[in-house]
């Protein structure tokens, strides 16, 4: 159990948040099925991304990793080998779902397993369309839960209408589509993050985007390339909120990814009146990057829903904390997808913030938060529930909480941000 720093007087300084988790996963995967040697800089060496590396090594891909530098010796579309061992995806939903898309086309048998959290996350949203393409997949509840066994082979292209706006679903189908004879299309109800589309283009492939429909042709030759991974805006979100709500604060976040399908957190901060500035925007042709400065702000409540939700789904736990410090009632809706993340993030956010005196209630598809509310603790024990984003949200909540607080299962944070507490401490010491 970790004792958290409470009643913080200010946060000041500059930090470089770790590389983007979504892009790090995809760089390894595309590098593995491309021809040649791919180098990845600013890779996120968190547990989830290391699970992706481990799975591809088990399929014969030579990958060297030295901190944030990774080299992948690509095998091409037909070069992966049948793994002699079970592929352990750990806590990573991205590894599980995107890897299934690639394995669907491989003419061999593989078995995927993960931790207790992964065993509860729904996989039919991916296994159903992949089965329609010709893959043979079995698992608990008809292939809806891990462990999953998959035997791939000759796939046929499909035109798929997804019921959820999910980059993982879209990416799994598009990756499988790269191996088919023909054109595979995915249509979503709202636009999800587009890292896979951008990454395929970076590796020399062609992707066609028409509104909410994305198409990819099969049998393209992907060529190795150099990948720079921007700082993860989902990780930056915790310090953006900290800078806005902790008194007398000013935090600069360098080299943060500004992909427009991921910047919903910035829109919300601006709607709520945060003192936020964005400078030095560059690299817009692949993955845009910029520097963010956040200062202590007088915040007002807002409503969050609709097409904005896919652009900030991972940031909702920290946005809920932000809302406790805004004047008025904030409503978060259309976010039922939170129920099938690492935890049911609607329930866990509400449960944990209520321990600190927050006025927050769960709804079927989100939360209602009434502010501005002082947070207080008297030896309160909070719990990450094994969810990295819940753990980081609670550590930031502690900064504005009077009293003493301790965090159970703080080790979960290493999944996406191994240096989180080091970075927090550096802002405290300035």
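In the numbering used here, the protein residues as written are 8 to 437.
Where a beta carbon is used, it is the ideal one built from N, C-alpha and C, also for glycine.
- Apart from the 5 residues on each side of it in sequence, residue 350 sits with its Cβ closer than 6 Å to the Cβ of 392 and 394 in its chain, given in chain order.
- Residue nearest to residue 374 within the set 252, 223, 37 and 331 is 331 (criterion: CA-CA distance).
- Around the beta carbon of residue 177, 16 or more other beta carbons lie within 10 angstroms, which makes this residue buried.
- Distances from the CA of residue 343 to each of 138, 371 and 428 were compared; the closest alpha carbon is that of 371.
- Around the beta carbon of residue 140, a 10 Å sphere encloses 16 or more other beta carbons of the protein chains shown; the residue is thus reported as buried.
- Contact between residue 79 and residue 39 holds, since their C-beta atoms are separated by about 6 Å, short of 8 Å.
- Pairing residue 211 with residue 93, the inter-Cα distance amounts to about 31 Å.
- 198 is the residue among 198, 25 and 71 whose C-alpha sits nearest the C-alpha of residue 267.
- Distance from the CA of residue 402 to the CA of residue 368, rounded to the nearest whole angstrom, comes to 21 Å.
- Residue environment for residue 242: buried (at least 16 other C-beta atoms within 10 angstroms of its C-beta).
- Between residue 72 and the set 35, 84 and 380, the nearest pair of CA atoms involves 35.
- Comparing alpha-carbon positions, the option among 229, 228, 167 and 329 lying closest to residue 273 turns out to be 329.
- A direct Cα-Cα distance of roughly 10 Å separates residue 114 from residue 142.
- Straight through space, the alpha carbons of residue 111 and residue 187 are spaced by roughly 11 Å.
- Around the Cβ of residue 175, a 10 Å sphere holds 16 or more other Cβ atoms; the residue is buried.
- Apart from sequence neighbours up to five positions away, the residues of its chain that approach residue 433 with a beta-carbon distance below 8 Å are 20 and 22, ordered along the chain.
- Secondary structure note for residue 324: its alpha helix (DSSP H) is the uninterrupted segment 323 to 331.
- DSSP, reduced to helix, strand and coil, places residue 113 outside both helices and strands of the structure shown, so it counts as coil.
- Residue 374 sits in a strand when the DSSP states are folded into three classes.
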